[in-house]
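In order, the protein sequences belong to chains Z and A. Counting from 1, one number per residue, gives the positions in the first sequence under the numbering used here. Counting from 110, one number per residue, gives the positions in the second sequence under the numbering used here.
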Amino acid sequence: MTNTESLDNVVLELRRGVIVLAVLSQLNDEQYGYSLLKLLSDQGLEVDQGTLYPLLRRLEAQGLLGSVWKLEEARPRRYYVISAEGKKLLPKLKKEWAGIVSVMNGMLA
Amino acid sequence: MKLIDSYVIEVGKRLPLVKGRKDIENELRSTLEDMLEDRSQKTGKPVDEELEVELLREYGAPQKIAETYNPTPYLIGPRLFPMFLMLIKIVIAAVVLGLTIATGIQIVTQFPMTAAELFKAIGEGLLNIISASIGAFGNIALVFAVIERFTPFPDFDMGKDNQWDPTTLMKEPEPQDVKMWEPILAIVFTFIVISIFNFNRQLLSLNYGDNAMWFIGFGNFAGGKFGTIPLFSEAFFRWLPMMNTAWVAEIVLNGMLLRSGRWNVSNRLFSIGIKILQIAINVLLLTGPFILGVTVDALTATKLVDAGMAHIIVSGLQQVIPVLLGLGIFGKIIEITSAGYKAVTQKPSTSA
């Protein structure tokens, strides 16, 4: 394995955990997959579609998201929104995240 | 949009058993159409085949996209694999050892034989070992694949306290603790029973030769020198599917015991269920036709006993077998009572 490859892997691992938090935080208002992708990207978080869609399905299967199909512009779209359970989990995740950030900032300073 | 449709179909084809496949396809189509429109607006290019090709090339091969949706891209996952590997080693070793001994006995009892016959016997023995090993491998893999898919794997358990308590390491072994070798032995033994009753029925026979030597198994002796009496009657094998169910359940139970390391309420209830099934089988065997294949005619044909003696043996067996089955039922009832009592009285704190 070359150094760039292992760097890529580490970055991928770092981002993977963050994406769940990012997605949950952005779904207070319902979004369909592509609009969520753009929403995240507008705020500077580029997520691969191949990561986002399966993640949305998994979070829904875990009961953290709800989804509904809507027909607009003659094109059906699946809208996702955070569920009651997801809303309970989000503050805990935010706290975890704040903890990680402060610890790592201290460590890396 | 024709290319997008074909693309979606290609992805769908690779998700044949995934739940919500239609949803995935629809969502993918709607996303691709959105992206195509977006791209056309940004670049000022018309929505045409060229733009579709560009988009799909960037989106990635259908295989790659399908992979990301596949929840379990493996037959036996990392949490079960170590146990799977261990059992495979034990069972294959048992099969090879058992069949090697059996082949050895077969060869010795057929002596004297020519070199050609000897090579044939060894070759057949080897083929037997190979096919039995492959069969055992397949069966174990099947059982594990089923366990993999039907035992829940909580991967998002925040908020729940970790239930494992390191102080359990200090405790003396408790009665509900399961010794590792017991379930393993039970699994191996059950496998051997399943394979004999299903695939090597010829082992379940009495064989006799001119020299009046009796031995169990290996009914296929050359030259018609030996006669064979099946141990069990056809009526017995009618219940084989039910017995198979009970045996497979027994294997699953022992797998559960290996995993949990102790008896708890759920595996006790499961074992009670199996015992009820076993009682039902015993009752069926008890009330149905005679389960042994030993008949007066077959015994007389051996010329080792006369008709009168054969009558005595068979009628004796006809009286003994129901008693044994009845005792079996009685024993199971006691086991159920005991397991039920333990399930009820066991302290929840120790039933991890």
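Just so you know, even glycine gets a beta-carbon here, dropped at the ideal spot from N, CA and C. All values derive from a computational prediction rather than experimental measurement.
Proximal chain C residues relative to residue i, where beta-carbon distance stays under 8 Å
i, result
"Q43/Z", "Of the chains in the structure shown, none is chain C; the protein chains are Z and A."
Where residue i falls, given that 16 or more other Cβ within 10 Å makes a residue buried
i, result
"A241/A", "buried"
"D114/A", "exposed"
"Q49/Z", "buried"
"E142/A", "buried"
"W356/A", "buried"
"G106/Z", "exposed"
"L64/Z", "buried"
"L278/A", "exposed"
"A331/A", "Low per-residue confidence applies at A331/A: pLDDT is 44, beneath 50, and the placement is therefore not dependable enough to give any value."
"V120/A", "buried"
"E112/Z", "Absent from the model: residue 112/Z. The displayed extent of chain Z is 1 to 109, so no value can be given."
"G33/Z", "buried"
Whether residue i touches residue j by CB criterion (7 Å)
i, j, result
"E134/A", "V156/A", "no"
"I197/A", "I249/A", "yes"
"V252/A", "I360/A", "yes"
"G425/A", "S342/A", "no"
"P431/A", "L386/A", "no"
"L93/Z", "L21/Z", "yes"
"Q427/A", "F399/A", "yes"
"V127/A", "Y178/A", "yes"
"A170/A", "R123/A", "no"
"V47/Z", "I19/Z", "yes"
"L312/A", "I305/A", "yes"
"V374/A", "A452/A", "yes"
"I390/A", "M352/A", "yes"
"L52/Z", "L37/Z", "yes"
Contact list for residue i against chain Z, beta-carbon separation under 8 Å
i, result
"K173/A", "G50"
"N135/A", "W69, P76, R78"
"Y116/A", "Chain Z residues near Y116/A: none, gap ~13 Å exceeds 8 Å."
Chain Z residues whose Cβ lies nearer than 9 Å to that of residue i
i, result
"G207/A", "Correct list: empty, because the minimum Cβ distance to chain Z is about 45 Å."
"G186/A", "Those do not exist, as G186/A stays about 16 Å from chain Z at its closest Cβ, beyond 9 Å."
"G121/A", "Going along chain Z, no residue has its Cβ under 9 Å from G121/A, so there is no contact; the nearest lies around 14 Å."
Proximity winner among the options, relative to residue i (alpha-carbon distances)
i, options, result
"L145/A", "R123/A, L126/A, Y168/A, R130/A", "Y168/A"
"K412/A", "K131/A, N316/A, A202/A, I303/A", "N316/A"
"Y450/A", "W372/A, Q311/A, P275/A, I256/A", "W372/A"
"L378/A", "L393/A, L362/A, A389/A, I388/A", "L362/A"
"I301/A", "L124/A, G207/A, A175/A, D132/A", "G207/A"
"F439/A", "V392/A, V405/A, D406/A", "V392/A"
"K95/Z", "K70/Z, L59/Z, S25/Z, T51/Z", "S25/Z"
"M192/A", "L436/A, S447/A, M365/A, I422/A", "M365/A"
"A254/A", "F190/A, L164/A, A452/A", "F190/A"
"G86/Z", "A74/Z, S67/Z, S41/Z", "S67/Z"
"S139/A", "K88/Z, L7/Z, A74/Z, L14/Z", "A74/Z"
"F298/A", "L194/A, D132/A, I422/A, V200/A", "V200/A"
"I214/A", "A203/A, I231/A, W348/A", "I231/A"
"G336/A", "R347/A, A410/A, F228/A", "A410/A"
Listed by chain order, chain A residues near residue i by CB distance under 7 Å
i, result
"P54/Z", "T177, Y178"
"G33/Z", "E136, T140"
Proximal residues of chain Z, C-beta to C-beta of residue i below 7 Å
i, result
"E142/A", "R75"
Proximal residues to residue i (C-beta, below 7 Å), its chain only, five neighbours per side dropped
i, result
"G186/A", "E257"
"L39/Z", "Q26, Q31"
"L160/A", "L145, R148, S149, K154"
"I338/A", "S314, L315, G402, V403, A407"
"I381/A", "I445, A448, G449"
Neighbourhood of residue i by C-beta, 6 Å cutoff - its chain only, sequence neighbours within 5 removed
i, result
"L59/Z", "L65"
"A295/A", "N363"
"E226/A", "none"
"K70/Z", "R77, Y79"
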